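Residue numbers (the working numbering): 2 to 135.
Scroll down for the structure; my scribbles are underneath it.
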């Protein structure tokens, strides 16, 4: 995967990398930024710089097993979110520049609608959080 400049909607973050991770990457001749970028691309169902479907679902399993978002959504809702992102990814038809442009327009509208829909469903204090209090 080649490094590409940040595009609209992308952000950069500073991370504190444990020394053992840095050393491990050095020993294995693996670029840490590539590892993290591919994981993020897999998690977000991105078209470029990602692995296959097994790796995408393993990234999602890791994310959900860590409990991210369970204070706002139920587990099945989180899985539905990722399923909907996969549906967007499946709309991609590798083709002409015109097809790519149409997909980019569709993707932007889809993600806006997807985000707004889930934002409205967001409710602090889900059943998961209630059960944790017991």
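C-beta atoms are modelled at their ideal positions from N, C-alpha and C, and glycine is treated no differently.
This structure is a prediction, so every number in the text was calculated from the model and none was measured.
Where residue 114 is concerned, the enclosing alpha helix (DSSP H) starts and stops at 98 to 122. Between the C-alpha atoms of residue 93 and residue 48 there is a straight-line separation of about 8 Å. By the Cβ criterion, the segment 85 to 92 is in contact with the segment 111 to 118, since at least three pairs of Cβ atoms, one from each stretch, lie closer than 8 Å. Distance from residue 60 to residue 43 at the Cβ level is roughly 4 Å; contact confirmed, criterion being Cβ atoms closer than 8 Å. Look at residue 94 here: in three-state DSSP terms it is coil, with no helix or strand label. Residue 32 carries a coil assignment under DSSP once its states are collapsed to helix, strand and coil.
With 16 or more other Cβ atoms from the protein chains shown falling within 10 Å of its own Cβ, residue 74 counts as buried. By the criterion of at least three beta-carbon pairs nearer than 8 Å, the segment 30 to 38 is not in contact with the segment 76 to 89. Rounded to whole angstroms, the gap between the alpha carbons of residue 65 and residue 99 is 36 Å. Following the DSSP letters along the chain, one finds residue 72 in no alpha helix (DSSP H), marked with neither H nor E.
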